[in-house]
Structures are given as C-alpha cells and as structure tokens.
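Chemist:
2 protein chains.
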Amino acid sequence: MTAQDMKHRILETADAMIRSRGYNGVSFREIADAVGVKSASVHYHFPTKGALGAAVARRYTATFMAALGPVEEAPKSATAAQDRLHALARASLVEENLMCLCGMLGAEIADLPPEVVAETRQFFEETIGWLIGAFEQGDWAASPAARRKLALGTLATSEGALILARTLGDISVFDDIDLPRPQ
Amino acid sequence: MTAQDMKHRILETADAMIRSRGYNGVSFREIADAVGVKSASVHYHFPTKGALGAAVARRYTATFMAALGPVEEAPKSATAAQDRLHALARASLVEENLMCLCGMLGAEIADLPPEVVAETRQFFEETIGWLIGAFEQGDWAASPAARRKLALGTLATSEGALILARTLGDISVFDDIDLPRPQ
DNA sequence: TTCTATCAATCTATCAGTAGGTAGATATAT
DNA sequence: ATATATCTACCTACTGATAGATTGATAGAA
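Top to bottom, those sequences are chains A and B. UniProt numbering puts the first sequence at residues 1 to 183. UniProt numbering puts the second sequence at residues 1 to 183.
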C-alpha cells in the first residue's frame, strides 16, 4: 500500500466518523483502530487534529463540488439545481446515516481549530456560490438578492432536514421536507 | 444560596456551554469553573454527564414551550405561528450567538447517552406538535400531511439557518432565509 | 441558652481511562 | 545508503467519576 492510499483511507475513515459523531466525538486512536494502524501513524500523515480535520473538510468540499459538477453544466431549471444539491444530502443520510460533514462542523464551529473553521466556511461559500451561479445561468428571472436568499434557504433546509431525520430516526422526515422554491 | 439556586445555575451554565461548543465539547470541570464550584459539586447535583445533559434538555424544552405559549393561544395565522418559533431561534443567535440546544444535540445524536437522545427527540416532537396544533386551530385549510410537512420544514429551516449564520459569522444570513410558507 | 446530633452541600484528593502529541527504534523499498 | 512509513513506548493534560473529610445550618435536649 502506498502512502497515498493510507492517507486516503485515513481521510475516508475520519470523514465518516466525524459525520457520525462530530469532530469532538472522534479521536486519533479510534480513527487509527478503524484503519488498522497505530495513532502515531495517523500523526505521521496529519501532524495535528486540526490539520486532519481541515484536510477532511477540504476533501469533502472537493468531492461535493465534483458531484454537483461544473456550474456551467448545472441544470437550467432552478428547482432542478436545488434538487441536485438536496439529493447529495439525502444520499449521505440514506446510504450511511451520516450528516453533511460541514453541517456537523458548522454546529460545532465555536469549538473548532481555526483551520477547520476556515475550511467549513469555504464549503458553505462554494456551495452557495454554485447554487447562485446555477440560478444566474438558468431560466429563473430574479434579482441577485433573491438568488442569494434562495441559495441560503436551500442549503439551510437540507442541513436542518438531515438533523431532524437523524434525530427522529426516520428517513421519511427528510423526504417530507420541501425545499423553498423560486417564486 | 439554596441547593435549588445552585442546580439552576449549573443548568443555565451547562445550557449555554453546550449550545456554544456541543455536548462533547463541554466538561464537568469547565462547567464547575464557570459556576465557581468544584466538579465534584456538579456531580453531587447531577451524578453523570448523561443525567446533566438530559436535565439541561428537559429544562430547555420546557422553557421553549413556555415561550411559545399554550397551543390554544397560538396565532390563528399559520405564518404567524411559524414566525413565533423562528423568532425564538433568532433571539438565541442575536443575543448570545448560541445554537438551539436541540439542534446542537441533534447533530451529535449518534454520540450521545440514551437519556440525552430521548430528551432531544422529545424537544422535536413537542415543537412539531405545537406547530401542527397551531395550524389545525388556525385559518389554514390543509390536510394533516400538509400540516406536518410545513411543521417539519419550518423547524428544519430554523435549525439550518442557525448553523449557516453562526458558521459564516453573519446574522444577516439568518435574516435572509425565508421560512417555507403555507400554499 | 448552650450543647449535641444530624443532614445537605461542598470540598480535597484521587482514580483509571483517554486525549493529542512526540521521540526514537524498526522495517521496507529503492 | 537513504528516504519513507510504521511501530513501540511514553509524556502531560484532561476526562467522568468516586471516597471521604469538612463545612454550615437546623432541630431537639440539656
């Protein structure tokens, strides 16, 4: 196994654990155990917990944005663009019962190392930017302020729906929640 | 100072700390330091962390429901009922930059002691019940399914808006997010 | 009144377990 | 031989939790 592979496995494992239990609910030892190495080896690849958390968030954002696809290729229908984002949230709930990483980190934001805070903000800014960009290119005639409002409302609804569905232990709760729609 | 007072101060302090940093981001010693006692004294009033967390959540739910008021006296307008709940979320953000306690606990739900999980669920069920009850008594003609959907959507939007506004460090983000509205 | 017994509440001191993190030995592969 | 990656072993600080001493107030007996 190459170092890249190990780094990748650590990131994947940490991602899943943080999305389930939260940043402060996860330790180097637990991650190491799950990967099958010693915690010192995790420190070799990621010197501090903040560095690991930031790397997890950076990778998550990249994967998420890749799944959304280039904004130029976003659906022309505003609702379809919203649905594409919402479907990613739903998939993480249905497939693994996990939060959105940055929804989790956002809740814990006041107790996170600065580099993790920065990456969490970056996720929200990129995601909101993608939605606004999709709206601009689409067929929805609206002001920039209206576009921003709908982007924020879409993301807030998705994140909140994940929390409610996980807490109530019922995926149908997620499906019963409608996104705000363009007027 | 009576024992009741001390219990009350511990609950208040723990409430604020959990709503800022999360359940796993708070320790008995930090709570004790903030109150001005030793951690053993906190254990005297609340034997375990789970017991303390559950008591904090129970008190939070009671306070929240009291602020909403009896459902019989809820606004007859569905949107006004939604706004009453949303205003409570906004107040905790504006006045103390705090999450809704159960939004925070809901994010951490997979890493919480069972008694805290139960109280967190209770909060959501009571709050959703209040919204549905208000809709039933109000002037909005809709099916039970539609009422439930709007109640879930309202709560999800409020919780998500708190996360986004706190993460982006901008209260205007909260204010830019519109609640879903009755059709 | 004064002494004494009792009780709740807090304290000091400590426990075992775990946290993030580090030093240095060891293995592996080029 | 060197560089990379993992390991063992350990550190200090902190975690939730407990035992037992101490405090202070109260109530009844002298």
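Each residue gets a CB set at the ideal place from its N, CA and C atoms; glycine is no exception.
Please determine, among A/Gly-153, A/Gln-137, A/Ile-31, A/Arg-181, the residue with the shortest C-alpha to C-alpha distance to A/Lys-76.
Modeler: Comparing Cα positions, the closest option is A/Gln-137.
Chemist: What residues in the stretch 91-122 of chain A have a beta carbon less than 7 Å from any beta carbon of chain B?
Modeler: Answer set for the stretch 91-122 of chain A: Met-99, Gly-103, Met-104, Gly-106, Ala-107, Glu-108, Ile-109, Ala-110, Asp-111, Thr-120, Arg-121.
Chemist: For A/Pro-114 and A/Pro-182, what's the separation of their Cα atoms in angstroms?
Modeler: Each residue's alpha carbon lies about 35 Å from the other.
Chemist: Whose C-alpha, out of B/Glu-95, B/Ala-80, B/Cys-100, is nearest the C-alpha of B/Pro-180?
Modeler: It is B/Ala-80.
Chemist: Between the stretch 49-63 of chain B and the stretch 114-132 of chain B, can you find at least three pairs of beta-carbon atoms closer than 8 Å?
Modeler: Counting Cβ pairs under 8 Å, three or more are found: they touch.
Chemist: In whole angstroms, give me the CA-to-CA distance for B/Asp-15 and B/Phe-174.
Modeler: About 22 Å.
Chemist: Suppose you measure from the CA of A/Arg-21 to the CA of B/Leu-105; what does that come to, to the nearest Å?
Modeler: One C-alpha to the other measures close to 11 Å.
Chemist: How is A/Ile-163 classed by DSSP in three states: helix, strand or coil?
Modeler: Helix, per DSSP.
Chemist: Could you tell me if B/Thr-120 is buried or exposed, where buried requires 16 or more neighbouring beta carbons within 10 angstroms of its beta carbon?
Modeler: Under this definition B/Thr-120 is a buried residue.
Chemist: Out of A/Ile-18, A/Asp-178, A/Ala-3, point me to the one whose CA is closest to A/Ser-92's CA.
Modeler: The residue with the shortest Cα to Cα distance from A/Ser-92 is A/Ile-18.
Chemist: Smallest Cα separation from A/Arg-58: which of A/His-8, A/Asp-33, A/Phe-123?
Modeler: Looking at the Cα atoms, A/Phe-123 is the closest of the given residues.
Chemist: Could you check what DSSP says for B/Ser-92 in three-state terms: helix, strand or coil?
Modeler: Looking at B/Ser-92 - three-state DSSP - the assignment turns out to be helix.
Chemist: Can you list, in chain order, the residues of its chain with a C-beta nearer than 6 Å to that of A/Ala-67? Leave out the 5 residues immediately preceding and following it.
Modeler: Closer than 6 Å at Cβ, skipping near neighbours: Leu-88.
Chemist: Considering only residues of the same chain and omitting the five flanking positions on each side of B/Gly-153, which have a CB-CB separation below 7 Å?
Modeler: Cβ within range, chain order: Pro-180.
Chemist: Look at the alpha carbon of A/His-86 and the alpha carbon of A/Lys-38, and state the distance between them as a whole number of angstroms.
Modeler: One C-alpha to the other measures close to 37 Å.
Chemist: List the residues of chain A that B/Lys-149 touches, going by C-beta distances under 9 Å, in chain order.
Modeler: Those are Asp-176, Ile-177, Asp-178, listed as they occur along chain A.
Chemist: Quick one: give me the first and last residue of the alpha helix (DSSP H) that B/Thr-127 is part of.
Modeler: Per DSSP, B/Thr-127 belongs to the alpha helix (DSSP H) from 114-137.
Chemist: Closest by CA to B/Leu-150, which one among B/His-8, B/Trp-130, B/Ser-27, B/Arg-9?
Modeler: Residue B/Trp-130 is the option with its Cα nearest to B/Leu-150.
Chemist: List the residues of chain A that B/Ala-156 touches, going by C-beta distances under 7 Å, in chain order.
Modeler: Here the neighbours are Thr-157, Gly-160, Ala-161, Leu-164, Ile-177.
Chemist: On the DSSP letters alone, give me the boundaries of the alpha helix (DSSP H) that A/Val-71 sits inside.
Modeler: Per DSSP, A/Val-71 belongs to no alpha helix (DSSP H) and is neither H nor E.
Chemist: Could you tell me if B/Arg-29 is buried or exposed, where buried requires 16 or more neighbouring beta carbons within 10 angstroms of its beta carbon?
Modeler: By the neighbour-count rule (16 or more Cβ atoms within 10 Å), B/Arg-29 is not buried but exposed.
Chemist: Report yes if the C-beta distance between A/Glu-108 and B/Gly-160 is below 8 Å; otherwise report no.
Modeler: Contact: no.
Chemist: Let's test the definition: count the other Cβ atoms within 10 Å of the Cβ of A/Ala-165 and tell me whether it reaches 16, buried, or not, exposed.
Modeler: Burial call: buried.
Chemist: Using the beta-carbon of each residue, which ones in chain A are nearer than 8 Å to B/Val-173?
Modeler: Under the 8 Å cutoff, chain A gives Leu-152.
Chemist: CB-CB under 7 Å to B/Arg-90, same chain, minus the five flanking residues each way: which ones, in chain order?
Modeler: Contacts found: Phe-174.
Chemist: Which chain A residues sit within Cβ distance under 7 Å of B/Leu-168?
Modeler: What B/Leu-168 touches in chain A: Arg-121, Phe-124.
Chemist: Taking the alpha helix (DSSP H) that A/Val-42 falls in, what are its first and last residues?
Modeler: Residues 39-45.
Chemist: Can you tell me the Cα-Cα spacing of A/Leu-11 and B/Ala-3, whole angstroms?
Modeler: Taking the straight line joining both Cα atoms gives about 48 Å.
Chemist: Hey, is B/Ser-20's beta-carbon within less than 8 Å of any beta-carbon in chain A?
Modeler: Chain A contact via Cβ: present.
Chemist: When the Cα atoms are used, what is the spatial distance from B/Gly-69 to B/Glu-125?
Modeler: Computed Cα separation, rounded: 16 Å.
Chemist: What ranges does the beta strand (DSSP E) occupy inside the UniProt domain "HTH tetR-type" (4-64) of chain B, keeping only unbroken runs of at least 3 residues that lie completely in it?
Modeler: Within the UniProt domain "HTH tetR-type" (4-64) of chain B, no complete beta strand (DSSP E) run reaches 3 residues.
Chemist: When you compare the CB of A/Gly-53 with every CB in chain B, is at least one pair closer than 8 Å?
Modeler: Chain B contact via Cβ: absent.
Chemist: Tell me which residue opens and which closes the alpha helix (DSSP H) that B/Met-104 is part of.
Modeler: It spans 101-107 - the alpha helix (DSSP H) in which B/Met-104 sits, taken as one unbroken run.
Chemist: Taking 6 Å as the limit between beta carbons, can you name the residues of its chain near B/Ala-78, skipping five residues before and five after?
Modeler: So the qualifying residues of the chain are Phe-135, Gly-138, Trp-140, Pro-182.
Chemist: What residues in its chain sit with their C-beta under 8 Å from that of A/Leu-101, if we drop five residues either side in the sequence?
Modeler: These residues qualify, in order along the chain: Asp-15, Ile-18, Arg-19, Val-56, Ala-57, Tyr-60, Phe-123.
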